[in-house]
Structures are given as C-alpha cells and as structure tokens.
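Shown next, in structure tokens, is the structure this report addresses.
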Amino acid sequence: MSSEVELLKHVYERFNARDMETVLAAMHEDVVWANGMEGGHVHGRDGVRSYWTRQWAIVDPHVDPVGFSAGPKGEIIVEVHQVVHDLAGRLLVDQSVGHIFRVENGQIKRFDIRDS
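The numbering of the sequence shown is my numbering, which starts it at 1 and goes up by one.
Written as structure tokens, this is what we have:
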C-alpha cells in the first residue's frame, strides 16, 4: 500500500496546487470519479477535467489527507480535512471527509466519497 499512499499524497498536493494535468495523468483513462458538487460520477479523464473546470470556477477547495487505511476490498480509504471557500474568500465548508480510492497498476481507477 505504501506506493499507492505516496501516489495519493502527490495527487492531493498537485490538486491543491491546481496542477490538473499532473493529477489527471495519475488516473486511468476510464476513471470513475465522484462528483461531490452535483452528485453521481463523472467518467474518464475528460469528464474529471470538465468537472474540475466547473468546480474551480465557482469555489476554491483545499483538501489535506490526514490518514490512510486499507479497506476490506483492497481500496484505500483516506481521511481528509476539506476546506472550501468561495472565490471571494468566504469560508463555505470546513469538515472531515472520507475518500475511497481504487488504484490499479499505479493509476487511480475509481474515486468515491464516503457517506456520512
């Protein structure tokens, strides 16, 4: 799990830096990605790119991983501290969230947000 944890730490760091292309390159071409704003999932790197483009035009999210654990089906569960501001800098969200990743062959295959 250590190489997968290192991959995910890098992905969070690059997401927070808005380095979209580096993060997308860490994903499987046919990734399934949870849409935390509108619900459901987006599909493929282009779907994630479009989703993040819409998201970052509205809000400024920052997500820091604070813990990693292995799930019962081989998934990686990441406890994160999520802070979201609007584009004027007003705080909208400050919470802990669970992220669930499936990594295959060194690439993110699926991302889900754990139900509260």
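Glycine is no exception: its CB is placed at the ideal position from the N, C-alpha and C atoms. Keep in mind the model is a prediction, meaning the values are calculated, not measured.
Residue burial classification, residue i (beta-carbon count within 10 angstroms, cutoff 16)
i    : result
I108 : buried
W56  : exposed
E4   : buried
L92  : exposed
M27  : buried
I58  : exposed
R90  : exposed
R102 : buried
R18  : exposed
V66  : exposed
Beta strand (DSSP E) segment containing residue i, residue limits
i    : result
R110 : Q107 to I113
Segment limits, alpha helix (DSSP H) that includes residue i
i   : result
A25 : M20 to A25
G89 : Segment: none, G89 is in no alpha helix (DSSP H) and carries neither H nor E.
N16 : S2 to N16
Strand pairing of residue i, partner residues [DSSP]
i   : result
I77 : S69 and I100
Q95 : Q82
A34 : H41
V63 : Q82
Per-residue DSSP class, three states only, for residue i
i   : result
F29 : A quick correction: the sequence has Glu, not Phe, at residue 29. In the structure shown, E29 sits in a strand (DSSP, three-state: E or B).
Beta-carbon separation (whole angstroms), residue i vs residue j, contact threshold 8 Å
i    : j    : result
D115 : I100 : No, D115 and I100 are not in contact; Cβ-Cβ is about 10 Å, not under 8 Å.
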